[in-house]
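Right, here's the structure in full:
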């Protein structure tokens with residue numbers, strides 16, 4: 001597995017840490033690679049925002065410091081404003097499209113993908129699973145991990161009584177991502193503009 | 202707050218990650234400092250062991266990489282064997298004394314403190330709170346954080362119905378640490394040998 005640095009950010013209560021843990025577990029426990037997950041506590045945590053860094057690698061990770069993530073997943077406007085400038089040039093930006101409005105600042109993201117994760121979660125009757133919808137979408141778009149490893153990691157990370165709900169949330173996000181890639185295969189790859197099934201692409 | 206690097210390690214199910222989270226939150230949310238918590242997933246996680254790194258600092262932390270922890274808290278023999286060689290010379294080693302037997306390898310720990318955390322947790326009827334007993338003992342011994350910040354972080358990190366139990370576990374560990382320091386004030390500081398209320402000191 002190629003070294004991949006990921007940052008996931010949003011506000012408290014969106015389940016940012018669980019999403020990061022699922023990705024880390026999928027890579028390591030279910031796919032034989034290595035992963036670290038770093039959570040920072042500081043003034044921003046007091047302000048109600050939450051972020052986590054995940055590093056995936058085929059080799060043991062000595063320095064779990066994310067400088068410029070390859071993939072940035074943001075679920076709030078504040079998280080977008082704060083972390084988008086750090087994205088690696090040519091990296092992948094994934095946004096919760098109903099919660100994040102892209103500003104006009106040019107940035108290095110070659111590819112920007114949007115998903116209405118909160119709405120998809122609400123279709124399952126539980127807004128709280130938007131984080132796992134995001135994980136599914138992330139998985140389909142980035143192709144860094146196998147769907148089955150991610151499913152196993154989801155099941156391993158939530159209480160038994162919530163497994164079915166969370167696995168459905170995962171599939172929703174994954175399917176949305178697959179459909180979006182399908183659409184792009186016909187319309188061409190994104191280049192600095194948001195693409196979504198409802199948007200400009 | 203002085204930069205302090207801490208590693209907490211044990212086996213899966215002992216609540217290593219929660220212990221690390223409580224310490225990080227106490228420093229940041231309740232004491233105005235900064236903290237990072239890094240969890241590694243890898244082959245050792247598949248083997249059922251668990252470890253987390255916590256860094257506390259008065260300033261934002263740019264590199265959350267623990268090379269040689271100032272404080273090592275171990276709750277299993279395997280964790281001791283693996284991580285004790287990494288302890289900073291002159292650092293503090295804290296062990297669950299019923300689960301860890303010190304070997305004869307000389308190492309740089311100037312001070313080694315033992316606590317029967319599992320037994321103290323069992324006195325509360327719930328072995329599962331040994332991690333919070335360890336946090337209390339850690340707090341009293343190291344004096345890096347204020348008792349009240351740690352109490353608030355414990356309360357903030359467990360479900361409401363488990364707050365009372367966990368706060369009692371915290372006090373048990375804290376009191377045990379205070380008594381141990383009291384005994385040492387009479388008998389002299391430890392120097393490379395285990396000290397405990399039941400042991401050699």
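Chains as they are written, first to last, in this note's numbering: chain A, 1 to 201; chain B, 202 to 402.
Cβ coordinates follow ideal geometry from the N, Cα and C atoms, glycine included.
Shown here, residue 242 of chain B sits in a strand according to DSSP, grouped into three states. Listed in chain order, the non-local C-beta contacts of residue 379 of chain B below 7 Å within the same chain comprise 341, local neighbours out to five positions each way being set aside.
Counting the other CB atoms within 10 Å of its CB gives residue 399 of chain B a total below 16, which places it among the exposed residues.
Spatial neighbours of residue 151 of chain A in its own chain (CB-CB distance under 8 Å, excluding positions within 5 residues in sequence) are listed in chain order as 167 and 170. The C-beta of residue 101 of chain A has fewer than 16 other C-beta atoms within 10 Å across all chains shown, which makes the residue exposed. Sixteen is the threshold: since fewer than 16 other Cβ atoms of the shown chains lie within 10 Å of the Cβ of residue 282 of chain B, the residue is exposed. Here the alpha carbon of residue 395 of chain B sits roughly 5 Å from the alpha carbon of residue 313 of chain B.
DSSP places residue 124 of chain A outside any alpha helix (DSSP H), giving it a letter other than H or E. Within the model, the alpha-carbon separation for residue 42 of chain A versus residue 54 of chain A is close to 18 Å. Taking 8 Å as the threshold, the shortest C-beta distance from residue 83 of chain A to chain B does not fall below it. The three-state reading of DSSP puts residue 197 of chain A in coil, since its state is none of H, G, I, E or B. Between residue 58 of chain A and residue 1 of chain A, the C-beta spacing is below 8 Å.
Judged by beta-carbon spacing, residue 213 of chain B lies within the 8 Å limit of residue 250 of chain B, meaning their Cβ atoms are closer than that value. Using a Cβ distance threshold of 8 Å, residue 209 of chain B and residue 274 of chain B count as a contacting pair. Partner residues in the beta bridge of residue 256 of chain B, as assigned by DSSP, are B/206 and B/237.
Taking a C-beta distance under 8 Å as the contact criterion, residue 19 of chain A and residue 134 of chain A qualify as a contact pair. Assignment of alpha helix (DSSP H) within the segment 170–194 of chain A, counting only whole runs of 4 or more residues, yields no such run. Boundaries of the beta strand (DSSP E) around residue 72 of chain A: 71–74. When the alpha-carbon of residue 29 of chain A is set against those of A/157, A/187, A/183 and A/173, the nearest one is in A/157. Closer than 8 Å to the CB of residue 11 of chain A there is not a single CB belonging to chain B. Non-local beta-carbon contacts of residue 5 of chain A in its own chain, meaning distances under 6 Å to residues more than five positions away in sequence, involve 55, 66, 69 and 70 in chain order. For residue 319 of chain B, the closest alpha carbon among the candidates B/296, B/311 and B/389 is that of B/296. Only exposed fits residue 344 of chain B, as fewer than 16 other CB atoms lie within 10 angstroms of its CB.
Between residue 361 of chain B and chain A, the shortest Cβ-Cβ separation is not below 8 Å. Residue burial is scored here from C-beta neighbours: residue 104 of chain A has fewer than 16 other C-beta atoms within 10 angstroms and is therefore classed as exposed. Taking residue 77 of chain A as the centre and dropping the five residues before and after it, the same chain places the C-beta of 99, 100 and 101 closer than 8 Å to its C-beta, in chain order.
Bounds of the alpha helix (DSSP H) holding residue 349 of chain B are 348–358. For residue 61 of chain A, there is no enclosing beta strand (DSSP E), as DSSP gives it neither H nor E.
For residue 337 of chain B, the three-state secondary structure derived from DSSP is helix. Shown here, residue 312 of chain B sits in a strand according to DSSP, grouped into three states. Linking residue 327 of chain B to residue 337 of chain B through their CA atoms gives a straight-line distance of about 16 Å. Taking 9 Å as the upper bound on Cβ-Cβ separation, chain B lies near residues 28, 29, 32, 33, 34, 35, 36, 37, 38 and 39 of the segment 28–39 of chain A.
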